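Counting in numbering that gives the first Met the number 0, the sequence shown runs from 0 upward without gaps.
Where a beta carbon is used, it is the ideal one built from N, C-alpha and C, also for glycine.
Small disclaimer: the values here were computed from a predicted structure and weren't measured.
Notes to accompany the following structure.
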Amino acid sequence: MTYILGIETSCDETAAAVIKANKSEVSVLSHVVNSQIKIHEQFGGVVPEVAARQHLVNILPIVNQAIKQAKLTLNKISAIAATQGPGLAGSLMVGFETAKTLAWLNNKPLYEINHLTGHLWSWLLPEVGKTSTLNIPWPFIALIVSGGHTELVLVKDFVNHEIIGKTLDDAAGEAFDKAAKIMNLGYPGGPILSKRAALGKEQAWDFPRPMLQQQDFNFSFSGLKTSLLYKINKLGKLSDQQINDLCASWQAAVIEVLVEKTVRAAKFYQAKAVAVVGGVSANQNLRQAMTEKCVNNNWLLLLPHMTYAGDNAAMIALAGFMSHHLGRQSSNKNFLTSAIKPSLNI
Ligand code: KG4
Ligand code: ZN
């Protein structure tokens with residue numbers, strides 16, 4: 000049995016978790032996330048320096064809490080997995096350097112994890128205290144939709160992950176956040192906008208479906224933001240219902256493009272399954288639209304529990320187990336000189 004402590008601080012969540020895994024099963028023993036939403040809300044977005052300082056204050060209490068909740072001590076942990084990138088430099092530094100220090104002091108291997116690989120496996124995580132079977136339908140297509148990334152990845156095995164498409168400008172989550180900001184809906188924009196969308200009519204407004212005609216697997220969302228801005232400027236002061244309708248119609252455009260491109264990729268690569276992961280995978284309309292496509296095409300749909308849609312450390316621990324135990328990647332013995340990689344790609 001392997002016990003992995005995960006540490007994640009790539010953006011504005013200080014997170015630590017402990018998983019227990021063998022080659023056929025994984026359990027989440029603890030999962031702690033300290034969100035800084037309340038702090039960054041007043042600025043309308045994440046302030047990198049504020050986030051890093053907050054991580055610095057929180058990191059050890061959060062790590063200790065995760066170990067305690069798992070009813071373990073550090074000497075029982077087999078390895079420490081930490082996010083090396085991508086993300087905000089100051090934020091990454093706190094978690095990664097803490098993990099390095101803990102690994103060094105306790106003579107444990109350090110697993111340097113790509114945040115996006117963490118999201119990639121998040122659909123496999125059971126709820127805290129439960130166990131799930133590591134049953135993986137190879138190959139699968141993963142749509143990673145987060146605040147900083149929108150990528151289609153072909154997952155062939157535990158270590159071979161090929162980006163087959165990505166956004167050429169804004170990420171889907173970023174587009175949601177910016178659209179919400181244009182309408183003064185508050186922060187974080189994605190969940191607020193999708194709540195308003197549930198009260199509106201999708202057919203009320205016609206928004207473009209960017210890149211849908213192009214046969215590649217890339218996306219572009221910045222035009223949709225501009226198109227929303229034009230409509231709002233034309234309309235003047237908006238009623239609540241107008242805002243709801245704009246949210247519903249705008250969200251429908253984003254979701255249609257995400258779903259159609261993913262479907263095309265899954266067909267092209269003859270995938271067995273489709274995973275939708277990252278913060279935007281919390282979106283219920285996206286989940287619903289993808290469910291219908293997967294049922295029609297006989298693909299399994301791999302969705303994270305809502306608990307693990309956003310940033311968390313259980314997915315970082317699991318990514319460590321996948322690459323270093325099942326994928327047999329060796330850990331970096333010289334991790335003392337290892338550094339964060341803010342613009343790391345998958
Ligand atoms: O993966 P994540 O928690 O952090 C990053 O790695 O970036 O993703 C955060 C993003 C934000 O842009 C947020 O607005 C978006 O996920 N998001 C949503 C929803 N919940 C979170 N977007 C659309 N609908 C949602 N329900
Ligand atoms: Zn993320």
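CB of residue i within 8 Å of CB of residue j, strictly
i	j	result
Leu-91	Gly-84	yes
Ile-58	Thr-97	yes
Ile-339	Ala-88	yes
Ser-392	Asn-331	Lying before the first or after the last residue shown, residue 392 is absent from the chain, which here runs from 0 to 345.
Gly-278	Ser-193	no
Leu-223	Ala-252	yes
Assumed close pair residue i, residue j - CB separation to whole angstroms, cut-off 8 Å
i	j	result
Val-25	Ile-18	6 Å
Leu-346	Ile-163	Within the shown structure, residues of the chain are numbered from 0 to 345, placing residue 346 beyond reach of any answer.
Leu-4	Ala-20	Not a contact, Cβ separation roughly 12 Å.
Ile-140	Leu-109	At roughly 30 Å, the Cβ-Cβ gap does not stay under 8 Å, so Ile-140 and Leu-109 are not in contact.
Leu-335	Trp-103	7 Å
Contact test: residue i Cβ vs ligand 2 heavy atom, cutoff 7 Å
i	result
Ser-34	no
His-114	yes
Ser-121	no
Ser-280	no
His-118	yes
Ser-145	yes
Proximity test, residue i beta-carbon vs ligand 1 heavy atom, cut-off 7 Å
i	result
Phe-248	For clarity, residue 248 is Ser in the given sequence; the question names Phe instead. No, the beta carbon of Ser-248 sits no closer than 7 Å to any heavy atom of ligand 1.
Ser-342	no
Pro-190	yes
Phe-175	yes
Asp-310	yes
Gly-43	no
Pro-125	no
Pro-207	no
Gly-172	yes
7 Å Cβ shell around residue i - same chain, five flanking residues per side excluded
i	result
Leu-211	Val-256 and Glu-259
Trp-120	Met-314, Leu-317, Ala-318 and Met-321
Lys-292	Val-258 and Val-262
Trp-204	Lys-230, Asp-244, Leu-245 and Ser-248
Pro-400	There is no way to answer for residue 400, as the model of the chain reaches only from 0 to 345.
Spatial neighbours of residue i in its chain, beta-carbon cut-off 6 Å, leaving aside the 5 residues before and after
i	result
Val-127	Val-27 and His-30
Ala-288	Ile-254 and Val-258
Ser-221	Asp-168 and Asp-169
Ile-47	Note that residue 47 is Pro in the sequence shown here, rather than Ile. If we look at Pro-47 and ignore the five residues flanking it on each side, its Cβ neighbours are Leu-87 and Gly-89.
Close-in-space but distant-in-sequence residues of the same chain around residue i (CB under 8 Å, 5 per side omitted)
i	result
Thr-130	Glu-24, Val-25 and Ser-26
Ile-191	Ala-179, Leu-184 and Gly-185
Lys-75	Tyr-2
Gly-188	Phe-175, Asp-176, Lys-177, Ala-178, Ala-179 and Lys-180
Ser-342	Gly-84 and Pro-85
Heavy atom of ligand 4 within 7 Å of residue i beta-carbon
i	result
Gly-277	Annotation note on ligand 4: not contained in the displayed structure, which lists ligand 1 and ligand 2 as its ligands.
In chain order, each alpha helix (DSSP H) run of at least 4 residues that lies wholly inside the segment 214-287: 221-234 and 239-267
Inside the segment 280-343 only - beta strand (DSSP E) runs reaching at least 3 residues: 299-301
Minimum length 3: unbroken beta strand (DSSP E) runs contained in the segment 93-157: Within the segment 93-157, the runs of beta strand (DSSP E) that reach at least 3 residues and sit entirely inside it are, in chain order, 109-113, 130-132, 139-144 and 149-154.
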